[in-house]
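Residue numbers (this note's numbering): 701 to 1194.
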């Protein structure tokens, strides 16, 4: 690829060239240097792919089952290779692998078994299929059993260290900044947000606390205000239905404000988070790939049904009346869901397959601010305070991830950052600590992409002058697909 003259390519194809080259370099680096197949047990899991093939109607059931059968046949070999590859695995990732593989077993024991039964496959084929499925189930159970056996002796740290972290950041984020530079930008942003949140809290104090003495410590002041506002939340059993109710309201606002075009023909399905996805994030989007443009986009919502009452209350205070709306902007409209629909229309398979996570997450964070700037929430100071808190979460994602993996931040210090400086509930903070134990770099993508998009919008405004149109900016930005922001900037500013 380096021998090919990329200057001969169109601007869009040139970005594809960058993405392919970056991907290949990343693959080589992972194989030769990072070697995570030797210590990350969570890499080994077949249940998610099989669940996708069963649930998506991209082909007749019998055709999909035939494709699944060819994979099921190799599952025992797959998990045996995984067992042999793993050497001194990270205990936190072992626990995640056990949780996700055992959680996903129902895909084979129930979903696949039911599909085989109701299919039109010949009886002889179904009989062989059932036996192969039993062998696959046994292989997963053997794999998780082996993981449980080696867990007590597994001592490897989940922390990457500075060298590996900077290298992974370079490949995954594809920013002009280094990881350390972004970390320092995040520290500055945290200080700014604390200042703005204190201003709003002082303004709101008389309304919520009357003549009570206002705390001199600004962080204590902000926390008291946030805690007071956070008691306004839905009931545990209404969490998913509240999300479903809000989505049409967001669509209406975007259309009325003419912020960007929303394709009404693309379905968004809110569903309970599948078991094979559990343990990392409480809400997420699963979008159809570039070859399945008519497929469903799923909004995965974590269930609170089995949670203790106090833990569920803590979680709901985190995702209170205000934050839940911001979450839906981020995950759905006009955030991830909207952006991914545009990405699949961009005409570039490379940008869809080798999607840049920082651009994707950055867009979702950017839309939160953009919606409030355009009047969402009726300019309520409470909504702005809660968005600053939410944006502080994005900022502290970067601080936490870098500090934990590079600087060795302890769990105690992480809880201090998240609970006392980012004003998160204990359940949310504990979940974020778990997440930083089992992922690396991805948590920085939110702040990285957001920062770059905000800066690009300001440069675009200056370039356009009186001709600046926000809808045009959004649609042009999204038209380039899942490309790194720095390359989109090159195309828009040329």
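All C-beta atoms, glycine included, are put in the ideal place defined by N, C-alpha and C.
Host alpha helix (DSSP H) of residue i (start-end)
i            : result
residue 755  : 747-755
residue 833  : 823-850
residue 775  : 775-785
residue 708  : That residue, residue 708, is in no alpha helix (DSSP H); it is neither H nor E in DSSP.
residue 1057 : 1057-1073
residue 1099 : 1081-1105
residue 805  : 791-806
residue 1160 : 1145-1164
8 Å contact criterion, which residue i and residue j should meet: CB distance rounded
i            : j            : result
residue 984  : residue 1181 : The Cβ separation is near 20 Å, so there is no contact.
residue 800  : residue 846  : Not quite, the Cβ-Cβ distance comes to about 15 Å (not below 8 Å), so this is no contact.
residue 1017 : residue 1105 : About 29 Å separates the two Cβ atoms, so there is no contact after all.
residue 1000 : residue 974  : 7 Å
residue 1119 : residue 1126 : 6 Å
Residue-level contact to chain D via CB, residue i, 9 Å cutoff
i            : result
residue 1178 : Absent here is chain D; the protein component of the structure consists of one chain.
C-alpha distance - residue i paired with residue j, whole-angstrom precision
i            : j            : result
residue 905  : residue 931  : 16 Å
residue 734  : residue 1144 : 19 Å
residue 1190 : residue 1005 : 48 Å
residue 920  : residue 1110 : 23 Å
residue 1195 : residue 1081 : With the chain running from 701 to 1194 in the structure shown, residue 1195 is simply not present.
residue 842  : residue 793  : 17 Å
residue 1170 : residue 1060 : 19 Å
residue 1184 : residue 1027 : 23 Å
residue 922  : residue 901  : 6 Å
residue 910  : residue 1165 : 46 Å
residue 887  : residue 810  : 48 Å
residue 981  : residue 707  : Legend: pLDDT at residue 981 = 49, less than 50; position of this residue unreliable, no value from coordinates given.
residue 991  : residue 969  : 19 Å
residue 1089 : residue 942  : 21 Å
residue 1123 : residue 802  : 34 Å
residue 874  : residue 1042 : 21 Å
residue 885  : residue 870  : 16 Å
residue 1103 : residue 876  : 20 Å
residue 1155 : residue 987  : 28 Å
Residue of the options minimising C-alpha distance to residue i
i            : options                  : result
residue 998  : 1093, 1178, 842 and 1032 : 1032
residue 768  : 821, 742 and 780         : 821
residue 1148 : 810, 879 and 1167        : 879
residue 852  : 797, 791 and 831         : 791
residue 829  : 813, 844, 840 and 1159   : 813
residue 1070 : 806, 965 and 1151        : 1151
residue 1024 : 947, 1100 and 1044       : 947
residue 753  : 1176, 741 and 772        : 772
residue 937  : 972, 897 and 928         : 972
Extent of the continuous beta strand (DSSP E) run through residue i
i            : result
residue 983  : 983-986
residue 1208 : The structure shown does not extend to residue 1208, since the chain spans only 701 to 1194, so no value can be given for it.
residue 972  : 968-972
residue 1000 : 997-1001
Cβ-heavy atom distance, residue i to the ligand ADP, below 8 Å
i            : result
residue 1180 : With respect to small molecules bound, the structure shown includes none, and the ligand ADP cannot be examined in it.
Check whether the region 1135-1152 touches the region 849-869, taking contact to mean three or more Cβ pairs, one atom from each stretch, closer than 8 Å.
-> By the C-beta criterion, the region 1135-1152 is judged to be in contact with the region 849-869, since at least 3 inter-stretch pairs fall below 8 Å.
Taking 8 Å as the threshold, find out whether the region 1035-1054 comes into contact with the region 1005-1018 through three or more Cβ pairs.
-> These segments do not touch.
If you pair each beta-carbon of the region 771-778 with each one of the region 704-723, do three or more pairs fall below 8 Å?
-> Output reads no: the region 704-723 does not touch the region 771-778.
Inter-stretch contact at 8 Å, needing at least 3 Cβ pairs: the region 952-961 / the region 1032-1044 = As far as the Cβ criterion goes, the region 952-961 touches the region 1032-1044, which means the pair count is three or higher.
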